[in-house]
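Remarks on the structure that follows.
Numbering (this note's numbering), first residue to last: 666 to 787.
This is how it looks when you write it as structure tokens:
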């Protein structure tokens, strides 16, 4: 990875000594390492989407349609997947709010993102 950074920046960077890199959240550091180490960005995105599906499944949502959407069209997954889950949530709640499928905090029916956990709905 350090060689790849050298190609980009023209200098060798020791990430173990880089305060900016070490100050990033661990998940972000891991993402950078995977990208620079040659991981396929699409495979990484697909893995993240699979984690999202697993979280929805754990909350008791029917994820069959979402899994099919991920398999067929990764680029539409975020928008279509959250809409499918949102429909299930809206069926359970008749008011102007619903619960985030990840953290179960009440959010407005037009919310595009959960203010508590950051899950994206639109």
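C-beta: ideal position from N, C-alpha, C; glycine also.
Just the Cα atoms here: how many angstroms apart are residue i and residue j?
i	j	result
residue 699	residue 721	25 Å
residue 779	residue 785	7 Å
residue 727	residue 750	8 Å
residue 773	residue 691	30 Å
residue 745	residue 730	10 Å
residue 770	residue 684	35 Å
residue 696	residue 753	31 Å
residue 681	residue 693	15 Å
residue 783	residue 741	19 Å
residue 748	residue 768	17 Å
If you compare alpha carbons, which of the options is closest to residue i?
i	options	result
residue 713	743, 690, 777 and 724	743
residue 765	710, 725, 711 and 688	725
residue 710	735, 723 and 748	735
residue 775	768, 781 and 762	762
Mind checking which residues open and close the beta strand (DSSP E) that includes residue i?
i	result
residue 773	771 to 773
Contact check, residue i vs residue j under 8 Å by CB: the rounded distance?
i	j	result
residue 707	residue 739	7 Å
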